[in-house]
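*Asks:*
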Amino acid sequence: MTPSACQPIVRAHSRPVSHLSIALLALLCLPSLAQPVAAATQQAARGKVVFETICVNCHSLDANRAGPALRNVVGRPAGKAPDYFYSEALESATHVWDRAKLKAWLTDPEKVVPGQEMKFHLDKERDRDDVVAYLASLSRRSASAVVSHPVSQPTQGK
Ligand code: HEC
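In the working numbering, the protein residues as written are -12 to 145.
1) For Asp85, which residues of its own chain have a beta-carbon under 7 angstroms away from its beta-carbon, when the five flanking residues on both sides are left out?
2) CA-CA distance, Gly102 and Pro23?
3) Using the DSSP secondary-structure output, state which residues sit across from Val83 in a beta bridge.
4) Can you tell me whether DSSP reads Ser146 as helix, strand or coil?
5) The alpha helix (DSSP H) that contains Lys111, what's its start and end?
6) Quick one: residues in its chain with C-beta nearer than 6 angstroms to the C-beta of Gly54, no 5 flanking neighbours on either side, listed in chain order?
7) Please return the same chain residues whose Cβ sits closer than 6 angstroms to the Cβ of Ser131, not counting the five positions on each side in sequence.
8) Here's a check: name, in chain order, each residue in its chain whose Cβ is nearer than 7 angstroms to the Cβ of Val97, leaving out the five neighbours to either side.
9) Could you give the distance in angstroms between the alpha-carbon of Ser126 and the alpha-carbon of Trp92?
10) Which of the three DSSP states is assigned to Ala53 in this structure?
11) State the Cα-Cα distance for the pair Val36 and Ser79, rounded to the nearest angstrom.
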C-alpha cells in the first residue's frame, strides 16, 4: 500500500465541488496510487476530465445534444439512444458498444461506421482508454446485459 495524502482530500471534496476540480485533484494524485483498484478508479477519473473538457462540447450523459446521451453507452446497441436523430449510417449499425469498439470509434469513427457524422476523434491512445474507462464506469449494469434498456441512476454523475 502506498500512503496517499491525496485520497482524503479527494473524498473530502467529493460532494458539491465541481467535477473538474475533483478530477484534476485525482490527476495530480495519480502517481501516488499504486493499487490496481485505485488505478482503475483514477483512470476513470482522468477519463472524466477528458469527457468534461472535450466530449461535452457535443455530448452530455443524460441529454441528447449535438451528439446522443452517453450514459450506459457501454453495452448499448449503436445508434439507438432514445429520441436522438442519428445519421442513417449510425442508425443502421448493428454492433453493440463495448470497450474495444468505443476505442476504435474514438480513434477513427469513419472506419467503424462509414458515413457517420461525428466529425471528431481523439489522437492520444491514453485519452481514448481513459474516457472509455469512464463511460464503462457509468455503464456497469448495461455492460453485463445482452439486451440493454435505459437505467436511471440519478445519483451518479451529473
Ligand atoms: C463535434 C461534436 C462531437 C464531439 C466533440 C464528440 N462527439 Fe461523439 N458524436 C457526435 C455526433 C454528431 C454523433 C452522432 C453521429 C451520427 O449520428 O452519425 C456522435 C456519436 C457518438 C457515439 C455513438 C453513440 C451511439 O449511441 O451509438 C459515441 C460513443 C460518441 N459519440 C462518443 C464520444 C466521446 C467519448 C467523445 C469525447 C471524446 C465525443 N463523442 C466527442 C458528435 C461529437
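Think of the CB as a built atom: it goes at the ideal place given N, C-alpha and C, for glycine as much as any other residue.
*Replies:* Well, looking at it:
1) Cβ neighbours of Asp85 beyond the five flanking positions: Val61.
2) If you take the alpha carbons of Gly102 and Pro23, they lie about 39 angstroms apart.
3) Answer is Pro64.
4) Outside the displayed span of the chain (-12 to 145) sits residue 146, for which this structure offers no information.
5) Where Lys111 is concerned, there is no enclosing alpha helix (DSSP H), given that its DSSP letter is neither H nor E.
6) Listed in chain order, the non-local C-beta contacts of Gly54 below 6 angstroms within the same chain comprise Cys45, His46, local neighbours out to five positions each way being set aside.
7) Bear in mind that the predicted position of Ser131 carries a pLDDT of just 43, short of 50, making it unreliable; the figure below should be weighed with that in mind. Contacts found: none.
8) The identity of residue 97 in the sequence shown is Glu, whereas the question assumes Val. Gln103, listed in sequence order.
9) Whole-angstrom Cα-Cα distance: 17 angstroms.
10) Three-state result, Ala53: coil.
11) C-alpha separation (whole angstroms): 31 angstroms.
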